[in-house]
Each structure stands twice: as C-alpha cells, then as structure tokens.
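**Student:**
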Amino acid sequence: TSVLVLNGPNLNLLGTRQPEVYGSVTLADVEDLCETHGKSLGIKVSCLQSNHEGVLIDAIHDAKGTHGGIVLNAGAFTHTSVALMDAIASVELPVVEVHLSNIHAREAFRHKSFIAPVALGQIAGFGAKGYVLALDALAAHLGTGS
Ligand code: DQA
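This is the structure in structure tokens:
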C-alpha cells in the first residue's frame, strides 16, 4: 500500500512559523518522520506540500488509483474549502485529517472543519506526532502490510 501525506498552505514554513503554536520541527522533518514510520508499517509514503488550493485538489484526484489513502493537513483551507471537501468525497479514498495544534482549543473560526465530515477521523493537538498517529490509523484501516 502507498499513502499520500498532503500538506497545505503555510506548512512549508514549519519550524520558523509561530513555533509557540506549531513547534520547531520543519516540514522536511515531518516528511522524514512519515517516510520512516511508513516503512515500519510496510507502507510507501509520498509527500507533497502546496500553498495552492487547486494543486491540492489535483493531488487528491490523482491519488485515486495511485494511493490507498491520504493523510491531510489542509492548513487554513480546512476551515474554508468546500472544494477540498468535494474532492475528498469524489475520490472515495480514506483520509485522516491532521492538525499540529488543537484547533478546537483555538479561535472559533478554527473549530469548523470542512474536511472532518468526509474524513475517516481527525487528529489534532499532538504536533508532528499526529502524522505518525494518522499513519497508524490509516494502516489499521487499510489492513497492515496490505
Ligand atoms: C493547522 C491549523 C490551522 O487552523 C492553521 O490554519 C494551519 C495549521 C495545524 O496544523 O494546526 O495552517 O492546520
């Protein structure tokens, strides 16, 4: 099985972006962590980050037939994008939603997720470890080693 780890807007700035909120790990660290953890689960992990909604939508479309599921941190598009929600619903791939911060403990506008209704589940508040938990959840859903 292969899994796409998809990161949205501003996550390329991880490490220097509001470290008090998002921690000091960089996107490269997160992607390395995902690839290494994926290996231990027998999953091939591919990583992509984009600041552009359309690129993320294309990546979700292209994941169909290529990947068994998606780990998605859609950044601020989480709270705004009906188009991302529709893309996920259209491809019918299992998606685990991840946020480094606990979006439910932050501003009210971050409590709403357009991803959550079409996701397998949501992991928020555990920093970079959330991606590892998401891969575990996806592996369990897909059947380990499949
Ligand atoms: C985030 C939370 C979002 O509200 C925010 O816009 C982000 C990052 C997180 O990982 O905690 O860009 O998705």
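The numbers in UniProt numbering rise by one with no breaks, and the one at position 30 of the sequence shown is 31. Idealized CB from N, CA, C, for every residue including glycine.
To the nearest angstrom, how far is the alpha carbon of VAL46 from that of SER3?
**Tutor:** If you take the alpha carbons of VAL46 and SER3, they lie about 6 Å apart.
**Student:** Need the endpoints of the beta strand (DSSP E) that SER41 sits in, please.
**Tutor:** Taken as a continuous stretch (DSSP letters only), SER41 belongs to no beta strand (DSSP E), being part of the alpha helix (DSSP H) at 28-42.
**Student:** Have a look at ALA117 and LEU34 and give me their C-alpha separation to the nearest angstrom.
**Tutor:** Note on geometry: alpha-carbon atoms of ALA117 and LEU34 lie some 24 Å from one another.
**Student:** For my contact list, GLY70 and LEU139 are in at a C-beta cut-off of 8 Å; report their separation, rounded to the angstrom.
**Tutor:** 5 Å
**Student:** Is the number of C-beta pairs between the segment 126-145 and the segment 20-35 that are closer than 8 Å three or more?
**Tutor:** yes
**Student:** Could you tell me whether any non-hydrogen atom of the ligand DQA is closer than 6 Å to the CB of SER114?
**Tutor:** Result no, Cβ not under 6 Å from the ligand DQA.
**Student:** Measure how close the beta-carbons of HIS80 and ARG111 come, nearest whole angstrom, since I'm counting them as under 8 Å.
**Tutor:** Contact holds; Cβ gap of about 6 Å.
**Student:** Can you tell me whether VAL83 is buried or exposed, with buried defined as 16 or more other CB within 10 angstroms of its CB?
**Tutor:** An exposed status is given to VAL83, since fewer than 16 other beta-carbon atoms sit within 10 Å of its beta-carbon.
**Student:** Measure the CB-CB distance between HIS68 and LEU12 and report whether it falls below 7 Å.
**Tutor:** Judged by beta-carbon spacing, LEU12 lies beyond the 7 Å limit of HIS68, meaning their Cβ atoms are not closer than that value.
**Student:** Cutting at 7 Å between CB atoms, please list the residues of its own chain near residue 148, excluding the five before and the five after it.
**Tutor:** Since the displayed the chain opens at 2 and closes at 147, residue 148 lies outside it and no answer follows.
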